[in-house]
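To start, the structure itself, in structure tokens.
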Amino acid sequence: MTELPIIQTEDLSKHYGSVRAVDGISFHIARSATCALLGGNGAGKTTTIAMLLGLLLPTSGRIRILDAEVPRQIRQVLPRMNFSSPYVDLPQRLTVAENLTVYARLYGVRRIRERLAVLGRDLDIDAFFPRPYGSLSAGQKTRVALAKALLNEPEILLLDEPTASLDPDTADRMRGILTDYQRHSGATLLLASHNMSEVERLCNQVIMLRAGQIVATGAPRELIHRYGRKDMEEVFLDIARGIQSGEVLE
Amino acid sequence: MNGISLRRISALALRYLYLLRSSRVRIIELAYWPTVQMILWGFITQYLAGHSDVLNQAAGLLLSGVLLWDVLFRSQLGLSVVFFEELHARNLAQLLISPLRPIELIIALITISLVRTLLGVGIAVLLAIPFYGFNLFSLGLPLAGFFFNLLVMGWAIGLLVSALVLRYGMGAESIAWAAIFALAPLCGIYYPIATLPSWLQPLSWVLPASYVFEGMRAVLLDHAFRLDYLIDALLLNAAYLGLGIGVFLATVHNARERGSLLQSGE
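Printed below as a string of structure tokens:
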């Protein structure tokens, strides 16, 4: 028996006047998959994620998440999802602990202190708890944002550039934390990233977008093989430049 | 080398001129505040000059007016400024992807506005007792009705202003300050509505605050409680608050359509 996909879109579009930010994309993501949404700037990654979160209303098409129709039934699924992105932030003057406490209450987290202690230890941010969020470095903020995204132990975690602005050591540790979280919780991860080695390491499914349309899907290994390249970086460049699989650059 | 450079000063002055030129709101604002002050104090002068009988009670009238006016002002700002902080912090999208409902956001904003107004105006009201021997509580039970009506009107305006800023961006933020002061000359804070030109009076009577300040003068000058004013203010406020909530919710929906929630604050 095939398990129903946890995220499914059918012919999903978002148009702004004549601009087709997302243009009729259909995909599904299985439970516990780690899927990368890839594409150059303006390919439609953030627009797609925003529609999955109900932050943006589709022009047409269908989204189904955890058996709920989105955006109509988004309230059913929001407590079971979370999101982290450099495009959103947290109040600067509140301390890290205050920010996380507010969001823990919004998500109905029980035993907030214990949950914060676990996240503080796992993400190595407990030393920042009494500090105003605005006083943290970009890398420290990214870790706090990830802590916020993990507060409710989401079944679906959407991440936009999860390791942007992190140094290689911290980025590697973050990837380790995400992998561990995915393994022990069975959560589904959807991440938009420009870091191809990250995608190869974390993801078992890739959706490549260009100009709002899906141009390739598959596992990273499959795509590397299909495009005859040595890694995802080269596959990404091929797709971003509009080169079809099997074509050879002069 | 260490001297003051006119070139650098003019470069920066040019940058501020570009900024000013880029926003019609900022240009209008230059003339806005002096004009509002001129109109307001013009009507106060007219009223006091024509009513020498109220001059001996002018201190009580003016202090009651200014303290009750501050309830309206703080209530509106207490809501809209807190909402702007979410936009400045780029936190609104985080809130709207949490299980929080937009109506719960509105109720939370109203709650914090109440707390901020009680704290802000409460201290001023208490300080007026030792400073001027003026006790606002001498207005008696009607004070509760005045206070409630001004609070609700402030929330309605605060929601409308917040919706405007959500729709048109932080450039419209100064509307939060300007909107309430535009109403000040019309509300009859320091003078009866009859002082206004007859063509302006119908506009004044669609504002709940006008009934509150007329009611305040009835208590202070005639020692009469005008229940009819209170009921009219309540009915108007119910309509305005409904409008404020409706417009705010519709603007959030519109922002979801336009995709502006991820850009708010930028």
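Chains as they are written, first to last, in the numbering used here: chain A, 13 to 262; chain B, 1038 to 1303.
The beta carbon of each residue, even a glycine, is placed where N, CA and C say it ideally should be.
Cβ neighbour criterion (16 or more within 10 Å) applied to residue i
i: I1046 of chain B; result: exposed
i: M1075 of chain B; result: exposed
i: R87 of chain A; result: exposed
i: D1090 of chain B; result: exposed
i: N1172 of chain B; result: exposed
i: A1050 of chain B; result: exposed
i: R122 of chain A; result: exposed
i: W1192 of chain B; result: buried
i: D250 of chain A; result: buried
i: D179 of chain A; result: exposed
i: Y1169 of chain B; result: exposed
i: G1040 of chain B; result: exposed
i: P166 of chain A; result: buried
i: L1056 of chain B; result: exposed
Selection from the options that minimises the alpha carbon distance to residue i
i: A183 of chain A; options: A:G151, A:P166, A:L202 and A:H206; result: A:G151
i: R1153 of chain B; options: B:E1141, B:L1098 and B:D1107; result: B:D1107
i: V100 of chain A; options: A:R213, A:Q217, A:K160 and A:G198; result: A:K160
i: P1222 of chain B; options: B:I1212, B:L1240 and B:I1064; result: B:L1240
i: G1177 of chain B; options: B:S1297, B:A1261 and B:Q1238; result: B:A1261
i: L221 of chain A; options: A:C215, A:T229 and A:L214; result: A:T229
i: R185 of chain A; options: A:V34, A:S149, A:R143 and A:T154; result: A:T154
i: R241 of chain A; options: A:I219, A:M208 and A:E173; result: A:M208
i: L67 of chain A; options: A:D136, A:G52 and A:K26; result: A:K26
i: V218 of chain A; options: A:V31, A:A33 and A:K57; result: A:K57
i: A139 of chain A; options: A:G54, A:V108, A:A252 and A:A199; result: A:V108
i: F1120 of chain B; options: B:G1225, B:I1149, B:L1264 and B:V1249; result: B:I1149
i: W1214 of chain B; options: B:V1256, B:V1158, B:V1198 and B:L1164; result: B:V1198
i: I18 of chain A; options: A:D35, A:T59 and A:L64; result: A:L64
i: A252 of chain A; options: A:G54, A:S38 and A:A48; result: A:G54
i: V1243 of chain B; options: B:V1256, B:P1229, B:C1224 and B:V1103; result: B:C1224
i: E212 of chain A; options: A:T191, A:G188, A:L202 and A:M244; result: A:M244
Collapsed DSSP secondary structure at residue i in the structure displayed
i: E262 of chain A; result: Unreliable placement is indicated for E262 of chain A, whose pLDDT of 39 sits below 50; the coordinate value is still reported in the next sentence. Three-state DSSP puts E262 of chain A in coil, outside helix and strand.
i: I168 of chain A; result: strand
i: Y1227 of chain B; result: coil
i: A1048 of chain B; result: helix
i: Q104 of chain A; result: coil
i: I41 of chain A; result: strand
i: T200 of chain A; result: strand
i: M13 of chain A; result: Residue placement at M13 of chain A is poorly supported in this model, since its pLDDT is 44, which falls under 50; the coordinates still yield a value, given next. Reduced to three states, the DSSP call for M13 of chain A is coil.
i: D136 of chain A; result: coil
i: R123 of chain A; result: coil
i: G240 of chain A; result: coil
i: A33 of chain A; result: strand
i: P144 of chain A; result: strand
i: A1181 of chain B; result: helix
i: T175 of chain A; result: coil
C-beta neighbour in chain E for residue i, strict 8 Å
i: V130 of chain A; result: No chain E appears in this structure, whose protein chains are A and B.
Where the beta strand (DSSP E) through residue i begins and ends
i: L50 of chain A; result: T46 to L50
i: N1291 of chain B; result: Looking at the DSSP string, N1291 of chain B is not in any beta strand (DSSP E); the run it does join, the alpha helix (DSSP H), is L1264 to R1295.
i: T229 of chain A; result: Q225 to G230
i: M1207 of chain B; result: Per DSSP, M1207 of chain B belongs to no beta strand (DSSP E) and is neither H nor E.
i: S1247 of chain B; result: Looking at the DSSP string, S1247 of chain B is not in any beta strand (DSSP E); the run it does join, the alpha helix (DSSP H), is P1245 to D1259.
i: I77 of chain A; result: S72 to I77
i: L221 of chain A; result: Q217 to R222
i: E81 of chain A; result: A80 to V82
i: S96 of chain A; result: M93 to S96
Under 7 Å from the C-beta of residue i: neighbouring residues of chain B
i: A101 of chain A; result: The displayed chain sequence assigns Asp, not Ala, to residue 101 of chain A. By Cβ distance, chain B contributes A1126, R1127 and N1128.
i: A62 of chain A; result: G1296 and L1299
i: F95 of chain A; result: I1134
i: L118 of chain A; result: S1135, P1136 and L1137
Proximal residues of chain B, C-beta to C-beta of residue i below 8 Å
i: Q104 of chain A; result: A1126
i: T58 of chain A; result: L1299
i: P91 of chain A; result: P1136
Start-to-end residues for the alpha helix (DSSP H) that takes in residue i
i: G1097 of chain B; result: A1095 to H1125
i: T21 of chain A; result: It is not in any alpha helix (DSSP H) - T21 of chain A instead sits in the beta strand (DSSP E) that spans I19 to Y28.
i: S1150 of chain B; result: P1139 to Y1169
i: Q1074 of chain B; result: R1061 to G1087
i: S209 of chain A; result: M208 to L214
i: P1239 of chain B; result: Q1238 to S1241
i: G151 of chain A; result: A150 to L162
i: T58 of chain A; result: K57 to L64
i: Q1131 of chain B; result: L1129 to L1133
i: V1091 of chain B; result: V1091 of chain B -> no alpha helix (DSSP H), and no H or E assigned at all.
Amino acids of chain A, ordered along the chain, whose beta-carbon sits closer than 7 Å to that of residue i
i: R1293 of chain B; result: L67, L68 and L69
i: Q1094 of chain B; result: Residues of chain A passing the Cβ test: none, with the nearest at roughly 44 Å.
i: Q1083 of chain B; result: Within chain A, no residue comes near Q1083 of chain B; the closest Cβ sits about 45 Å away, beyond 7 Å.
Cross-chain neighbours of residue i in chain A, by beta carbon under 8 Å
i: E1122 of chain B; result: P103
Residue i: contacting residues in chain A (beta-carbon distance under 9 Å)
i: Q1113 of chain B; result: Near Q1113 of chain B there are no residues of chain A at all, since even the closest Cβ is about 21 Å away, more than 9 Å.
Residue i beta carbon near the ligand NAP (any heavy atom closer than 7 Å)
i: Q88 of chain A; result: The ligand NAP is not part of this structure, which contains no ligands at all.
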